[in-house]
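Numbering (the numbering used here), first residue to last: 39 to 327. Here the structure comes first, spelled out in structure tokens, and everything after it is commentary.
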Amino acid sequence: MQTPVAEQAIEGTAEKVAQPNDRGDWVLFHPVYTSSELKAVEVLHREPDNLRDRAASFFVKSLRKGFDLVSGYRHKPIPEGSKMSLEELRKGGYVLTEAQWMTRILFLETIAGVPGFFAAMIRHLKGLRSLKRDGGWIHTLLEEAENERMHLMTFMTLRESSIFFRAFIVVSQGVFANAFFIGYLISPRTMHRFVGALEEEATLTYTALIKDIESGLFPEWENVPAPNIAIDYWRLKPDAKLLDVIYAVRSDETTHRFVNHTFANLKPDDINPFALGEPDMHVKGVKAG
């Protein structure tokens, strides 16, 4: 038999769970951005300065080619003074279609959610084996993994993926997850540099998407309401648009860029500075790490 206190606790829990948009602690810590922070992001590239960095850069460029091939992205600048219609621009490969953008985003986010989780798992197991404290890394890495998963959950509300695409994701995740796992065991700093460089590409991708929407080259998403899951997660206004969500996602990717480049500069046994505090986007948005 439940005691009165236990019954009250259970009733309170049930009431809380029954509210899908309750802004409680159902997720790990993640930044909520001001309007000025969302606009403070810059597309940056950190030049490699040692063998680890060059190896990470090579792997990211190789992965980028795969992203481009899957999504049909060619990174072709629109000719100056061009009077081509939107349909002509899309046929010429200058602008992505909605389907191409969705494929690119969903594929990117399924990959981006892997590194933080695997790095956290490896450090967790190491801490158990060595009987030593982690220095605050695990929590930050798990925050990153969940944040990337929330990106995926948000964009999944916009399209139902085909069986073929899901199968492709299964294969890609299997290859990438195992490769990252082995790489992190060998050289954690190289893999953090790899993730930092990968997030540079993610920031570039979302910046291009924002530019296309704001310049009228992606009219399908101009007035789309923000999904409820995004409004709840990023504390957006009730009338927020999908464009507001993309600005928030880009800021998240910039945060991961800054964090992972910083981790790559540290020794694995150093204290995680982000466990003590984290700068705002006016710093993270303009510095690679």
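The beta-carbon is built from N, C-alpha and C at its ideal position, and this holds for glycine as well.
With DSSP as the reference, label K170 as helix, strand or coil.
-> coil
Beta-carbon separation (whole angstroms), S109 vs L134, contact threshold 8 Å = 7 Å
Taking the continuous alpha helix (DSSP H) assigned at E126, which residues delimit it?
-> L124 to K129 is the extent of the alpha helix (DSSP H) around E126.
For N303, count neighbouring Cβ atoms within 10 angstroms of its own Cβ and tell me buried if that reaches 16, exposed if not.
-> exposed
What residues match up with P263 in a beta bridge as DSSP calls it?
-> K279
Simplified DSSP state of V98, which is helix, strand or coil = In the structure shown, V98 sits in a helix (DSSP, three-state: H, G or I).
Since I believe G131 is in contact with R112 (beta carbons under 8 Å), could you give me their beta-carbon distance rounded to a whole number of angstroms?
-> 4 Å
Have a look at P311 and K305 and give me their C-alpha separation to the nearest angstrom.
-> Cα-Cα distance, rounded: 12 Å.
Rounded C-alpha distance that separates G234 from R295 = Those two C-alpha atoms are separated by around 4 Å.
Whose CA, out of E182, A158, A183 and E181, lies closest to the CA of R171?
-> Ranking E182, A158, A183 and E181 by CA distance to the CA of R171 puts A158 first.
Residues of its chain near A268, where Cβ-Cβ distance is below 7 Å and the 5 sequence neighbours each way are ignored | T192, L274 and V283
Between the segment 199–216 and the segment 181–191, are three or more C-beta pairs nearer than 8 Å?
-> no
How long is the line joining the alpha carbons of W259 and S253, rounded to whole angstroms?
-> The alpha-carbon atoms of W259 and S253 are separated by roughly 12 Å.
Can you have a look at R167 and say buried or exposed, based on whether 16 or more other CB atoms are within 10 angstroms of its CB?
-> Label assigned to R167: exposed.
Given 8 Å as the limit, is there contact between the segment 114–132 and the segment 244–251, that is, 3 or more CB pairs closer than that?
-> no
What residue ranges within the segment 218–275 form continuous alpha helix (DSSP H) runs of no fewer than 4 residues, ordered along the chain?
-> 226–252 and 266–272
S73 (DSSP reduced to helix, strand or coil) | helix
Counted within 10 angstroms of its Cβ, other Cβ atoms place F67 as buried (16 or more) or exposed = exposed
Nearest residue (CA-CA) to K77, options G327, A326 and D318 = Taking only the C-alpha atoms, the option nearest K77 is D318.
Taking K103 as the reference, give the member of H83, E118, F145 and N261 with the closest Cα.
-> F145
Looking at A313 and G174, is the spacing between their C-beta atoms short of 7 Å?
-> Taking 7 Å as the Cβ cut-off, G174 and A313 qualify as a contacting pair.
In its own chain, which residues sit with a C-beta less than 6 Å from the C-beta of M229, not counting the 5 before and 5 after it?
-> Same-chain partners within the cutoff: G221 and Y222.
What separation, rounded to the nearest whole angstrom, lies between the Cα atoms of L281 and L169?
-> A straight-line Cα-Cα distance of about 46 Å links L281 and L169.
Start and end residues, alpha helix (DSSP H) containing K322 | M319 to K322
Are K325 and T292 close, meaning C-beta to C-beta below 7 Å?
-> no
My understanding is that R197 touches R90, with C-beta atoms under 8 Å, so please give their C-beta distance in whole angstroms.
-> With a beta-carbon spacing of about 37 Å, R197 and R90 fall beyond the 8 Å limit used to define contacts.
Residues of its chain near Y271, where Cβ-Cβ distance is below 8 Å and the 5 sequence neighbours each way are ignored | V65, H68, M188 and T192
Would S289 pass as a contact of V79 if the rule is Cβ separation under 7 Å?
-> Contact annotation: S289 and V79 have beta-carbon atoms nearer than 7 Å.
With 16 other CB atoms within 10 Å as the buried threshold, where does E85 fall?
-> With fewer than 16 other Cβ atoms within 10 Å, it is exposed.
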